[in-house]
Amino acid sequence: MVVVDTTETANHRVIAEVDWDSAFTTVHDDAIYMVESQQYHVDKLDLERKTAYVHRVEVGYYTDAMTYTNVRVIDSFDSKRFHQVIVEHGEVQVVRKVVGFKKIRFYTSENLGYGDVSLPEKDMHTTSYWLTIPKDLLATLPYNQAEIIDGLSGLAYSLHHLAAMRLMSDLHDLDRAIGDKSGEWFVKKGKEPRAITNYDAAGENSRIDAFDPTIFLFDAYPGGIGFSALLYEQHLDLLNGVGQLLRSCPCSYGCPSCVGPTLDVGPTAKEVALSILGQMGN
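Everything in the sequence shown is counted per the working numbering, starting at 537 for the first residue and increasing by one.
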């Protein structure tokens, strides 16, 4: 995918190349794309011609793509139970769709607004490690649905970052999602965070107590690259490490070093994540 600067009408020039996967989140329509500290506004992403057309701008914000990720289990290679939690690894189908973007002000990280994006879904078969937490276990916690989702999101964030460190891999070699194993429901983020969406009915929301939520950590490459089996074997060490990380982090409500920024996961994410870990025996 090439990026073409059209600022000068008589002198269009290629200023960058972007891989196919990254193009959906970095050079979608109306994105702000950076090349050597120069900002460019994306006027059009032409998928057929594999070209993004941009022009130079000077604005006080950057854009952050909002992506929905839905995971469906195809085959479980191995399974074990710890307390009430079912831990597995196997083959999954991952469907990603970029649905919009946020405008984030430089220096203050203030959200300046949203924009919509119309792009096709991307489908991938890969391998994943996942843990399924019974809804009955979550029902014993003194939190509402939004707080439970925040806690699960914070827990997934911590698992993702610690797993990448233990595997000595890049963070982008793994990805994460929260949903159910059938792929019918998934947690989405965007203009309205803390929402659970039916994959076949985009406008329909559900409750966290409608299914047993599953946290997926999957290989970010088609076919997988072997991480899921390693994470499955290291499950207890991974959960213990997450517990130690959250308890030792000096922040009060969450930060990028533990459950993620509070603007992304909510002010109760750390507290709820620790409560969920406690119910899981950690």
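Using N, Cα and C, we set each Cβ at its ideal position, and we do this for glycine too.
Is the segment 610-622 in contact with the segment 589-597, if contact means three or more CB pairs nearer than 8 Å?
no
Using the beta-carbon count (16 or more within 10 Å), is A737 buried or exposed?
Residue placement at A737 is flagged as unreliable, the pLDDT there being 44, under the threshold of 50; a coordinate-derived value is accordingly withheld.
Where does D755 fall in DSSP's three states?
strand
Alpha helix (DSSP H) segment containing E769, residue limits
F763 to E769
Given this structure, state the Cα-to-Cα distance separating G596 from R641, to the nearest angstrom.
Roughly 6 Å between the two C-alpha positions.
Compute the Euclidean distance between the alpha carbons of L688 and G802, then round it to the nearest angstrom.
C-alpha separation (whole angstroms): 11 Å.
Sort A756, T542 and A746 by Cα distance to V607 and report the nearest one.
A756
Could you check what DSSP says for M701 in three-state terms: helix, strand or coil?
helix
Rounded to whole angstroms, how far is the Cβ of D773 from the Cβ of I669, which I believe are closer than 8 Å?
Their Cβ separation, rounded to whole angstroms, is 19 Å, which puts D773 and I669 out of contact at 8 Å.
Would DSSP call I669 helix, strand or coil?
In this structure, DSSP gives I669 a state outside helix and strand, which the three-state scheme calls coil.
Which residue's Cα is closest to the Cα of T663: D600, L655, S612 and W721?
S612
Nearest to M660 (by Cα), restricted to the options D557, G814 and E807
D557
D557 - containing alpha helix (DSSP H), residue span:
W556 to T562
Can you list, in chain order, the residues of its chain whose CB lies under 8 Å from that of V540, leaving out five sequence neighbours each side?
H548, R549, V550, I551, T587, A588, Y589 and V590
For L674, count the other beta carbons within 10 Å of its own beta carbon; 16 or more makes it buried, fewer makes it exposed. Which is it?
When all chains shown are included, L674 counts as buried.
Can you tell me which of the three DSSP states Y789 falls into?
coil
Simplified DSSP state of G814, which is helix, strand or coil
helix
Considering only DSSP beta bridges, list what S784 is partnered with.
Paired residue(s): none; S784 is not in a bridge.
Coarse secondary structure for G715, derived from DSSP in three states:
Note: G715 maps to strand in three-state DSSP.
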